[in-house]
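In my numbering, the protein residues as written are 972 to 1170.
Backbone N, C-alpha and C fix where the C-beta goes; we use that ideal spot for every residue, glycine too.
Below: one structure, written as structure tokens.
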Ligand code: GAR
């Protein structure tokens, strides 16, 4: 079995990153995590990745003259790691079209909502403000439109009386941690044809 080389892009605590790293330790998992890249040097996930012996890099977009230059540098790092698949795991930057197109069919994201509902930020608070009864999370292919790409796996989570954004997000995070390793397994093993999903 040739394992696909995966880079994870993060901005923060990296709990989804951590479950992907753990999943990839299984000998029969079809992907290995070769690097973790953060757009924030202070992202706690970077230190976790380093403790696992994984290569890390951090790049602040503000240090670059343009988003293109920032993303070209990300591409150079990913290419130096010989990456096949990119997983966005709490990467809180909108990516430009050129970067997204370069990884079309090979870049996936986890989002805390039942896409296509509640794209963007603060999904838990918005669902509660709307009186929603069901919320959830989705792993999807990344396409140029924000949170618009085709879904790979999605799980519903009921909204309970008395839920706050914190309690709801904690229950959803448990499901995120179940479906992200499974979605990456599907993509990396070839069981999921990105071409069929995207065309
Ligand atoms: C996760 O809940 C993820 O779904 C969300 O950020 C959190 C990152 O947590 N992503 C987005 O909102 C992307 N639009 P983590 O760093 O512990 O994985």
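Strand pairing of residue i, partner residues [DSSP]
i	result
residue 1006	978, 1026
residue 1078	1057
residue 1124	1110
residue 1105	1129
Residue i: CB within 7 Å of a non-hydrogen atom of ligand 1
i	result
residue 986	yes
residue 1108	yes
residue 1061	yes
residue 1082	yes
residue 1030	no
residue 1024	no
residue 1144	yes
residue 1137	no
residue 1147	yes
residue 1016	yes
residue 1006	no
residue 1079	no
residue 983	yes
Cβ-based burial, residue i [other Cβ within 10 Å; buried from 16]
i	result
residue 1015	exposed
residue 1092	exposed
residue 1116	exposed
residue 1146	buried
residue 1033	exposed
residue 983	buried
residue 1084	buried
residue 1135	exposed
residue 1170	Any reading at residue 1170 needs caution, since the residue's pLDDT is 48, under 50, leaving its predicted position unreliable; the model's value is listed next. By the 10 Å Cβ count, residue 1170 comes out exposed.
residue 1101	exposed
residue 977	buried
residue 1133	exposed
residue 1005	buried
Which of helix, strand or coil DSSP assigns to residue i
i	result
residue 1129	strand
residue 1092	coil
residue 1114	coil
residue 1152	helix
residue 1086	coil
residue 1041	helix
residue 1073	helix
residue 1119	coil
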